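Student: Input: one structure, supplied below.
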Amino acid sequence: MRALTQKDQPNKGGYLVIKKPWPSMLRTIWGDNERYIETYWEKFDNKYYVAGDSANMDQDDFFWIMGRIDDVLNVSGHRLGTMEVESALVAHPDIAEAAVVGMPHEVKGEGIFAFVVTKGERPLGAMKNEVTETLRSWVSDQVGPIAKPDEIRFADNLPKTRSGKIMRRLLRSIAKGEEITQDVSTLEDESIIKQLQQNE
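Okay, so the sequence shown: first residue is 12 according to the numbering used here, each after it adds one.
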(Lines of atoms letter the chains of each structure in order from A and count residues from 1; the text may use other names and numbers.)
(Lines give C-alpha, C1' and ligand atoms only; values in the text may rest on other atoms or scores of the structure.)
Protein backbone atom coordinates (compact mmCIF):
# COMPACT_ATOMS: atom_id res chain seq x y z
CA MET A 1 0.00 0.00 0.00
CA ARG A 2 1.07 3.56 -0.47
CA ALA A 3 -0.28 7.09 -0.53
CA LEU A 4 0.50 8.33 -4.02
CA THR A 5 1.60 11.95 -4.13
CA GLN A 6 3.68 13.93 -6.58
CA LYS A 7 7.00 13.15 -4.86
CA ASP A 8 5.84 10.50 -2.38
CA GLN A 9 7.20 12.48 0.56
CA PRO A 10 6.02 12.15 4.17
CA ASN A 11 3.21 14.40 5.42
CA LYS A 12 1.70 14.79 1.97
CA GLY A 13 -1.88 13.87 1.23
CA GLY A 14 -2.62 11.51 -1.63
CA TYR A 15 -4.70 8.65 -2.96
CA LEU A 16 -4.56 5.42 -0.98
CA VAL A 17 -3.68 2.71 -3.51
CA ILE A 18 -2.81 -0.98 -3.33
CA LYS A 19 0.19 -2.10 -5.37
CA LYS A 20 -0.29 -5.88 -5.45
CA PRO A 21 -3.39 -8.08 -5.84
CA TRP A 22 -4.80 -10.10 -2.95
CA PRO A 23 -7.05 -13.20 -2.90
CA SER A 24 -10.40 -11.56 -2.09
CA MET A 25 -10.01 -8.35 -4.11
CA LEU A 26 -12.88 -7.04 -6.23
CA ARG A 27 -12.39 -8.39 -9.77
CA THR A 28 -15.22 -6.72 -11.66
CA ILE A 29 -18.61 -5.04 -11.38
CA TRP A 30 -21.28 -7.48 -12.52
CA GLY A 31 -22.31 -6.62 -16.07
CA ASP A 32 -20.11 -3.50 -16.20
CA ASN A 33 -16.42 -4.37 -16.38
CA GLU A 34 -15.62 -1.03 -18.06
CA ARG A 35 -16.94 0.85 -15.03
CA TYR A 36 -14.83 -1.38 -12.76
CA ILE A 37 -11.65 -0.55 -14.69
CA GLU A 38 -12.52 3.15 -14.87
CA THR A 39 -13.34 3.39 -11.15
CA TYR A 40 -10.54 1.32 -9.63
CA TRP A 41 -7.66 1.23 -12.12
CA GLU A 42 -7.55 4.01 -14.73
CA LYS A 43 -6.54 6.81 -12.36
CA PHE A 44 -2.91 5.62 -12.39
CA ASP A 45 -2.64 3.94 -15.81
CA ASN A 46 -3.92 0.57 -14.58
CA LYS A 47 -0.87 0.11 -12.31
CA TYR A 48 -2.51 0.56 -8.91
CA TYR A 49 -5.84 -0.36 -7.37
CA VAL A 50 -7.47 2.86 -6.09
CA ALA A 51 -9.06 2.09 -2.72
CA GLY A 52 -11.32 5.15 -2.79
CA ASP A 53 -9.79 6.85 0.26
CA SER A 54 -7.28 9.64 0.66
CA ALA A 55 -4.34 9.04 2.98
CA ASN A 56 -1.45 10.82 4.60
CA MET A 57 1.94 9.20 5.24
CA ASP A 58 3.73 10.43 8.35
CA GLN A 59 7.46 10.62 9.13
CA ASP A 60 7.39 7.05 10.48
CA ASP A 61 5.81 5.69 7.26
CA PHE A 62 2.44 5.10 8.93
CA PHE A 63 -0.66 5.81 6.85
CA TRP A 64 -3.48 7.98 8.16
CA ILE A 65 -6.79 7.55 6.34
CA MET A 66 -8.17 11.02 5.66
CA GLY A 67 -11.55 10.19 4.11
CA ARG A 68 -13.33 9.24 0.91
CA ILE A 69 -12.02 10.70 -2.34
CA ASP A 70 -15.54 10.73 -3.72
CA ASP A 71 -16.72 13.41 -1.28
CA VAL A 72 -17.56 16.04 -3.87
CA LEU A 73 -18.64 19.66 -3.41
CA ASN A 74 -20.61 21.65 -5.99
CA VAL A 75 -19.15 25.16 -5.78
CA SER A 76 -20.69 27.60 -8.27
CA GLY A 77 -21.36 24.70 -10.63
CA HIS A 78 -17.81 23.36 -10.31
CA ARG A 79 -17.35 19.87 -8.85
CA LEU A 80 -14.52 19.83 -6.31
CA GLY A 81 -13.34 16.86 -4.29
CA THR A 82 -12.87 17.63 -0.60
CA MET A 83 -9.65 15.64 -0.84
CA GLU A 84 -8.20 18.13 -3.34
CA VAL A 85 -8.63 21.00 -0.89
CA GLU A 86 -7.50 18.93 2.11
CA SER A 87 -4.38 17.77 0.26
CA ALA A 88 -3.53 21.36 -0.64
CA LEU A 89 -3.97 22.48 2.98
CA VAL A 90 -1.82 19.71 4.50
CA ALA A 91 0.86 20.38 1.87
CA HIS A 92 1.44 23.76 3.56
CA PRO A 93 4.50 23.46 5.83
CA ASP A 94 2.66 24.87 8.88
CA ILE A 95 -0.38 22.56 8.69
CA ALA A 96 -0.60 19.21 10.46
CA GLU A 97 -4.16 18.15 9.59
CA ALA A 98 -7.18 19.41 7.70
CA ALA A 99 -10.74 18.32 7.00
CA VAL A 100 -13.07 19.97 4.50
CA VAL A 101 -16.86 19.81 4.27
CA GLY A 102 -19.53 21.70 2.36
CA MET A 103 -21.68 24.46 3.81
CA PRO A 104 -24.73 26.29 2.45
CA HIS A 105 -23.78 29.42 0.47
CA GLU A 106 -26.29 31.97 -0.85
CA VAL A 107 -24.32 32.74 -4.02
CA LYS A 108 -22.27 29.61 -4.73
CA GLY A 109 -24.86 27.08 -3.65
CA GLU A 110 -22.23 25.25 -1.63
CA GLY A 111 -19.25 26.81 0.10
CA ILE A 112 -16.01 25.30 1.35
CA PHE A 113 -15.57 25.01 5.12
CA ALA A 114 -12.12 23.92 6.32
CA PHE A 115 -11.15 22.70 9.78
CA VAL A 116 -7.41 22.99 10.33
CA VAL A 117 -4.82 21.92 12.90
CA THR A 118 -1.52 23.78 12.77
CA LYS A 119 1.85 22.31 13.70
CA GLY A 120 2.50 25.04 16.24
CA GLU A 121 0.12 26.80 18.59
CA ARG A 122 -3.42 27.41 17.40
CA PRO A 123 -3.56 30.92 15.90
CA LEU A 124 -5.76 33.44 17.71
CA GLY A 125 -6.87 37.03 17.11
CA ALA A 126 -4.97 38.92 14.41
CA MET A 127 -2.67 35.94 13.84
CA LYS A 128 -5.71 33.78 13.04
CA ASN A 129 -6.84 36.26 10.36
CA GLU A 130 -3.35 36.37 8.89
CA VAL A 131 -3.01 32.57 8.75
CA THR A 132 -6.51 32.28 7.27
CA GLU A 133 -5.64 34.60 4.38
CA THR A 134 -2.30 32.84 3.86
CA LEU A 135 -4.04 29.47 3.59
CA ARG A 136 -6.75 30.79 1.27
CA SER A 137 -4.06 32.13 -1.08
CA TRP A 138 -2.10 28.89 -0.77
CA VAL A 139 -5.09 26.75 -1.78
CA SER A 140 -5.86 29.12 -4.64
CA ASP A 141 -2.30 28.69 -5.95
CA GLN A 142 -2.32 24.91 -5.46
CA VAL A 143 -5.79 24.05 -6.81
CA GLY A 144 -7.35 27.21 -8.25
CA PRO A 145 -9.32 30.27 -7.06
CA ILE A 146 -12.59 28.30 -6.99
CA ALA A 147 -11.13 26.06 -4.25
CA LYS A 148 -10.41 28.85 -1.75
CA PRO A 149 -12.10 27.97 1.56
CA ASP A 150 -14.92 30.35 2.48
CA GLU A 151 -14.36 29.67 6.16
CA ILE A 152 -11.40 28.24 8.07
CA ARG A 153 -11.59 27.21 11.72
CA PHE A 154 -8.59 26.25 13.80
CA ALA A 155 -8.51 23.75 16.64
CA ASP A 156 -5.99 21.83 18.73
CA ASN A 157 -7.23 18.65 17.06
CA LEU A 158 -10.00 17.36 14.81
CA PRO A 159 -12.97 15.48 16.27
CA LYS A 160 -11.94 11.83 16.02
CA THR A 161 -13.04 8.49 17.32
CA ARG A 162 -10.70 6.62 19.64
CA SER A 163 -9.54 4.65 16.60
CA GLY A 164 -8.46 7.89 14.91
CA LYS A 165 -11.24 8.33 12.33
CA ILE A 166 -12.36 11.91 11.71
CA MET A 167 -16.08 12.31 12.51
CA ARG A 168 -17.10 14.26 9.42
CA ARG A 169 -20.81 14.20 10.24
CA LEU A 170 -20.01 16.39 13.27
CA LEU A 171 -17.99 18.75 11.10
CA ARG A 172 -20.90 19.02 8.66
CA SER A 173 -23.24 19.95 11.50
CA ILE A 174 -20.81 22.60 12.78
CA ALA A 175 -20.37 24.03 9.27
CA LYS A 176 -24.15 24.36 8.91
CA GLY A 177 -24.51 25.91 12.37
CA GLU A 178 -26.65 23.01 13.54
CA GLU A 179 -26.94 21.73 17.06
CA ILE A 180 -24.96 18.53 17.64
CA THR A 181 -27.56 15.82 18.20
CA GLN A 182 -25.48 12.83 17.09
CA ASP A 183 -23.95 10.33 19.46
CA VAL A 184 -20.53 11.61 20.54
CA SER A 185 -19.72 8.81 22.98
CA THR A 186 -16.99 7.47 20.67
CA LEU A 187 -15.22 10.85 20.48
CA GLU A 188 -11.67 10.87 21.77
CA ASP A 189 -11.96 14.47 23.05
CA GLU A 190 -15.40 16.10 23.30
CA SER A 191 -13.92 19.52 24.13
CA ILE A 192 -12.81 19.89 20.49
CA ILE A 193 -16.45 20.23 19.45
CA LYS A 194 -16.97 23.31 21.65
CA GLN A 195 -13.69 24.76 20.46
CA LEU A 196 -14.77 24.47 16.83
CA GLN A 197 -18.30 25.73 17.50
CA GLN A 198 -17.11 28.81 19.38
CA ASN A 199 -14.46 29.61 16.75
CA GLU A 200 -12.20 30.99 19.47
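Where is the CB? At the ideal position from N, CA and C, for every residue including glycine. Keep in mind it's a predicted model, so treat the numbers as computed, not measured.
Taking the alpha carbon of Met94 as the point to measure from, which residue in Lys30, Leu207, Ala109 has its own alpha carbon closest?
Tutor: For this step, residue 94 is matched to residue 83 along the sequence shown. For the residues Lys30, Leu207, Ala109, the minimum Cα distance to Met94 belongs to Ala109.
Student: With DSSP run on the structure shown, which of helix, strand or coil describes Lys58?
Tutor: In the sequence shown, counting from the first residue as 1, residue 58 sits at position 47. Of the three classes helix, strand and coil, the one that applies to Lys58 here is coil, per DSSP.
Student: What beta strand (DSSP E) runs, 3 residues minimum, are completely inside the stretch 111-168?
Tutor: 120-129, 162-165
Student: Grouping DSSP H, G and I as helix and E and B as strand, with all else coil, what is Met94?
Tutor: Within the sequence shown, numbered from 1, the residue matching residue 94 stands at position 83. Met94: helix per DSSP, three-state reduction.
Student: Could you tell me the distance, in whole angstroms, from the CA atom of Glu189 to the CA atom of Ile204?
Tutor: Mapped onto the sequence shown, residue 189 falls at position 178. Mapped onto the sequence shown, residue 204 falls at position 193. Cα to Cα, the separation comes out at about 12 Å.
Student: Can you give me the Cβ contacts of Val150 inside the same chain, cut-off strictly under 7 Å, excluding the 5 residues immediately before and after it?
Tutor: As a working note, residue 150 is residue 139 in the sequence shown. Answer for Val150: Val96, Ala99, Leu100, Ala158, Lys159, Pro160, listed in chain order.
Student: Could you give the C-beta distance for Trp75 and Asp69, rounded to a whole number, given that I count them as a contact under 8 Å?
Tutor: As a position in the sequence shown, residue 75 is number 64, starting the count at 1. As a position in the sequence shown, residue 69 is number 58, starting the count at 1. With a Cβ gap of about 6 Å, Trp75 and Asp69 count as contacting.
Student: Here's the rule I'm using: 16 or more other beta-carbon atoms within 10 Å means buried, otherwise exposed. How should Asn67 be labelled?
Tutor: The residue you call residue 67 lines up with position 56 of the sequence shown. So Asn67 counts as buried.
Student: I'd like to check one pair, Lys176 with Asp200: are the Cβ atoms closer than 9 Å?
Tutor: Against the sequence shown, residue 200 aligns to sequence position 189. Against the sequence shown, residue 176 aligns to sequence position 165. Contact flag unset, no.
Student: Straight-line CA distance for Met36 to Gln153?
Tutor: The sequence position of residue 36 within the sequence shown is 25, counting from 1. The sequence position of residue 153 within the sequence shown is 142, counting from 1. Met36 and Gln153: Cα-Cα distance of roughly 34 Å.
Student: What residue range is occupied by the uninterrupted beta strand (DSSP E) comprising Leu207?
Tutor: Mapped onto the sequence shown, residue 207 falls at position 196. Following the DSSP letters along the chain, one finds Leu207 in no beta strand (DSSP E) but inside the alpha helix (DSSP H) bounded by residues 202-209.
Student: Assuming Ser91 contacts Asp64 (C-beta within less than 8 Å), just tell me the rounded distance between them.
Tutor: Taking the sequence shown and counting its residues from 1, the one referred to as residue 91 is at position 80. Taking the sequence shown and counting its residues from 1, the one referred to as residue 64 is at position 53. Looking at the sequence provided, one finds Leu at residue 91 rather than Ser. With a Cβ gap of about 17 Å, Leu91 and Asp64 do not count as contacting.
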